[in-house]
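Asker: Those protein sequences? They're chains H and R, same order as listed. Letter by letter, the first sequence follows residues 2 to 139 in the working numbering. Letter by letter, the second sequence follows residues 544 to 944 in the working numbering. Cβ atoms here follow ideal geometry from the backbone N, Cα and C, with glycine treated the same way. On a predicted model such as this, the values are computed, not experimentally measured, just so you know.
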Amino acid sequence: MPSSAKPIPVITPDMREFFDGARAGRLMVQKCGGCGMLRFPAYELCSKCNSTESSWVPVSGRGEVFSFNIMHQVYHPAFAAEVPYAVVVVELEEGCKFVSNLHGVKPHEIKCGMPVEVMFEKLSDEVSIPKFRLRGAH
Amino acid sequence: MLCAKERKKVTAMDLRAKCAIAGLGQTRMGKNFDHPGPVGFAAEAVNLALEDAGLDRTDLDGLLVNPGITWFNNPMASYSLQQAMGLRNLRLTATMNLGGATAAAMVMHAAQSIAAGMADCVACVFADAPLRPPSPSKGKGEGSASAYGFAQGLNAHYGLFGVNAQYAFVAQRHMHRYGTTGDQLGAIAVAERAWANSNPDAQFHDTPMSLADYHASRWVVEPFHLYDCCLVSNGGLAVIVTSTQRAKNLKRPPVYILGMAQGHPGGDPMETLVSGAPIAKETAFKMAGVSLRDVDFCEIYDCYTFTVLVTLEDYGFCEKGEGGPFVATGAIGPGGSIPVNTGGGQLSSFYMWGMTPVSEAIVQIRGDGGRRQVPKHEVGLVSGNGGILATHSTLVLGSHP
């Protein structure tokens, strides 16, 4: 089944700049206006200093696999042909974590600590989303 | 009016054995489909608990309810149940939700209120009915996967669905950091199954399981096999909490609430790999006047095998990161040095959130365990856990005040 049959994220106002960045090939995260801590996804306030000020900033898109799982159960029909597939948690060099998929690596070959970098997959004219691949794999 | 200096400061330690559990009510459990819904299950459980204690509905002046997922976020579930049961003139009620930590937290709230003179006899109940009968059109599948499989936004596109997948991230990280293995997670599943095989109320009571059987079971989300994950059950479980003084004159021997506390660490469990148990333990053990050596058996919240492993580490049965080797010695199964989840737990008996461990501790302390009865049952340690290692509650229950 084509990837487009998977649920396409709805662009909510708080995530507008993230999706604008993704469409232009930039990975954006939220930066606290109080203490500068980076976070993702969008939150109303900073968990470190509780400031409600924030802006979106680009990050390197480089990081490591922090953890992962391999999904075997089908919760949505679009994934029926893909099981087992992996979902990874990437820890970016800048510190915040990102749930995503790792492109080009078989699920059972994924290891914590693998160096990865961001790539973007276009789902529609409006929505592109970040995925990751092994660093230097392209 | 007393001035501040004259008022005696009440400390947590003053709550030791002030209250007791006097009644336990358990409906049929598991794949039963001809049922009155979650409210009906809750009412049945409360009435069974009252009967067990030798009390009447009119004796109740408190009702605490932990609604399961099929109460559909009813924000006033306790009022719904009060009206359904025709309870009048309550002095305490609340709908509580700390996930799997709620049951012990309800017992705590009841005991604190009773000790403060604000209630006398409080029912605490959990009920749920998420399992649906197999449908001819859709084949098998009793609704458990879909019921706990919610996702939205980016996560849904990446295929991250449900709580299983979130816990799998944390377990995978524990395996990476400490070298925990699938055999070690399996040792927990096998130990709990062995206990369940001696519990006639357990959904898996007649199905033995070896480590090979565990490994042969299908993957749900790696590193979790099917038997790393809790069951899903229809049913209701209730307990009656009252003062120690009153409990002594009721039908069944009191199960004394020696210690109680909560701990909610916050933060990212993938980073910390720690539950709220270390926070709660300090207060609960001090209140109870016990140390780990005094604990005869444990009923540890087990949404997954992994949750048991982490919680045992956090209580200090072994060092942090040593949970795998510890459970692999066979310490927690029948005949082991520290019996854990003696009814089969939520992996192999039934899934009533935090009420599963609370209820089994009551059974053991009373000596009602039949073939699964542990030889020493004076002090039982009970844990609850909700979210992804987000909320935690501890009870220390005892046969003597």
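By Cβ distance, which residues of its chain are closer than 7 Å to residue 707 of chain R, with the 5 residues on each side in sequence left out?
Answerer: Taken in chain order, the residues that qualify are 763, 764, 767 and 772.
Asker: Using the C-alpha atoms, what's the distance from residue 724 of chain R back to residue 96 of chain H?
Answerer: Straight-line Cα distance between these residues: approximately 28 Å.
Asker: Using the beta-carbon of each residue, which ones in chain H are nearer than 7 Å to residue 705 of chain R?
Answerer: Ordered by position in chain H, the residues that pass the 7 Å Cβ test against residue 705 of chain R are 76.
Asker: On the three-state DSSP scale, how would you describe residue 686 of chain R?
Answerer: Only weak support exists for where residue 686 of chain R lies, its pLDDT of 49 falling under 50; the value from the coordinates is given anyway. Coil.
Asker: What three-state label does DSSP hand residue 844 of chain R in the structure shown?
Answerer: In this structure, residue 844 of chain R counts as coil in the three-state DSSP scheme.
Asker: Under the DSSP definition of a beta bridge, which residues are partnered with residue 632 of chain R?
Answerer: Residue 632 of chain R pairs with nothing; no bridge assigned.
Asker: DSSP state of residue 12 of chain H, grouped into three classes?
Answerer: Reduced to three states, the DSSP call for residue 12 of chain H is coil.
Asker: Closer than 7 Å by beta-carbon distance: list the chain R residues that pair up with residue 86 of chain H, in chain order.
Answerer: 702, listed in chain order.
Asker: DSSP three-state label for residue 869 of chain R, please.
Answerer: The answer is helix: DSSP assigns residue 869 of chain R an H, G or I state.
Asker: Got a sec, what are the start and stop residues for the alpha helix (DSSP H) residue 44 of chain H sits in?
Answerer: That residue, residue 44 of chain H, is in no alpha helix (DSSP H); it is neither H nor E in DSSP.
Asker: Pull up the distance between the alpha-carbon of residue 790 of chain R and that of residue 623 of chain R, whole angstroms please.
Answerer: In a straight line, the C-alpha of residue 790 of chain R is about 28 Å away from that of residue 623 of chain R.
Asker: Taking 7 Å as the cut-off, does the CB of residue 737 of chain R come closer than this to any heavy atom belonging to the ligand FAD?
Answerer: Looking at this structure, you won't find the ligand FAD or any other ligand, since it has none at all.
Asker: Within the same chain, show all residues whose beta-carbon is closer than 6 Å to that of residue 36 of chain H, passing over the 5 residues directly before and after it, in chain order.
Answerer: Around residue 36 of chain H: 49 and 50.
Asker: Residue 792 of chain R and residue 575 of chain R look like a contact to me (Cβ under 8 Å); what is the Cβ gap, rounded to whole Å?
Answerer: That pair is no contact at about 35 Å.
Asker: Which residue spans inside the segment 653-681 of chain R form an unbroken alpha helix (DSSP H) run of at least 4?
Answerer: DSSP runs (the alpha helix (DSSP H)) wholly in the segment 653-681 of chain R: none.
Asker: Per DSSP, what kind of secondary structure is residue 971 of chain R in: helix, strand or coil?
Answerer: Outside the shown range of chain R (544 to 944) lies residue 971 of chain R, about which nothing can therefore be said.
Asker: State the CB to CB distance for the pair residue 634 of chain R and residue 662 of chain R, rounded to an integer number of angstroms; the pair is presumed to be in contact (CB under 8 Å).
Answerer: Yes, they are in contact, since the Cβ atoms of residue 634 of chain R and residue 662 of chain R sit about 5 Å apart, within 8 Å.
Asker: Identify every residue that forms a DSSP beta bridge with residue 86 of chain H.
Answerer: For residue 86 of chain H, which the question treats as bridged, DSSP gives the partners H/72.
Asker: Counting only the same chain and skipping the five closest in sequence on each side, list residues whose C-beta sits under 7 Å from that of residue 586 of chain R.
Answerer: Here the set comprises 624, 627 and 628.
Asker: Under a three-way DSSP split, which group does residue 53 of chain H fall into?
Answerer: Residue state, collapsed to three classes: coil.
Asker: Give the DSSP-derived three-state secondary structure of residue 728 of chain R in the structure shown.
Answerer: In this structure, residue 728 of chain R counts as helix in the three-state DSSP scheme.
Asker: State the CB to CB distance for the pair residue 892 of chain R and residue 742 of chain R, rounded to an integer number of angstroms; the pair is presumed to be in contact (CB under 8 Å).
Answerer: Correct: roughly 6 Å between the Cβ atoms.
Asker: Taking only the alpha-carbon atoms, compute the straight-line gap between residue 829 of chain R and residue 866 of chain R and give it to the nearest angstrom.
Answerer: About 24 Å.
Asker: Name the chain H residues whose beta carbon is nearer than 8 Å to that of residue 761 of chain R?
Answerer: Correct list: 73.
Asker: So is residue 10 of chain H in contact with chain R if we call contact Cβ pairs under 8 Å?
Answerer: For residue 10 of chain H, the answer is yes, since a Cβ of chain R falls inside 8 Å of its Cβ.
Asker: Using the beta-carbon of each residue, which ones in chain R are nearer than 7 Å to residue 91 of chain H?
Answerer: Ordered by position in chain R, no residue passes the 7 Å Cβ test against residue 91 of chain H, which lies about 11 Å from the chain.
Asker: DSSP three-state label for residue 863 of chain R, please.
Answerer: Looking at residue 863 of chain R - three-state DSSP - the assignment turns out to be coil, as it is neither helix nor strand.
Asker: Residues of chain R with CB closer than 7 Å to the CB of residue 101 of chain H, please, in chain order.
Answerer: In chain order: 701.
Asker: Within a Cβ cutoff of 7 Å, which residues of the same chain sit near residue 861 of chain R, ignoring the five residues on either side of it in sequence?
Answerer: Answer for residue 861 of chain R: 855 and 869, listed in chain order.
Asker: For residue 863 of chain R and residue 837 of chain R, what's the separation of their Cα atoms in angstroms?
Answerer: Going by the C-alpha atoms only, they are around 21 Å apart.
Asker: Shortest alpha-carbon distance to residue 857 of chain R belongs to which of R/640, R/643 and R/927?
Answerer: Selected option, being the one with the closest Cα: R/927.
Asker: Can you tell me whether DSSP reads residue 805 of chain R as helix, strand or coil?
Answerer: Correct three-state label for residue 805 of chain R: strand.
Asker: So for residue 103 of chain H, helix, strand or coil by DSSP?
Answerer: Here residue 103 of chain H sits in strand by DSSP.
Asker: To the nearest angstrom, report how far apart residue 33 of chain H and residue 42 of chain H are at their CA atoms.
Answerer: Cα to Cα, the separation comes out at about 12 Å.
Asker: Work out the CA separation of residue 934 of chain R and residue 642 of chain R for me, nearest whole Å.
Answerer: Computed Cα separation, rounded: 7 Å.
Asker: Less than 8 Å between the beta carbons of residue 664 of chain R and residue 567 of chain R, yes or no?
Answerer: No; because the gap between Cβ atoms is not below 8 Å, this pair is not in contact.
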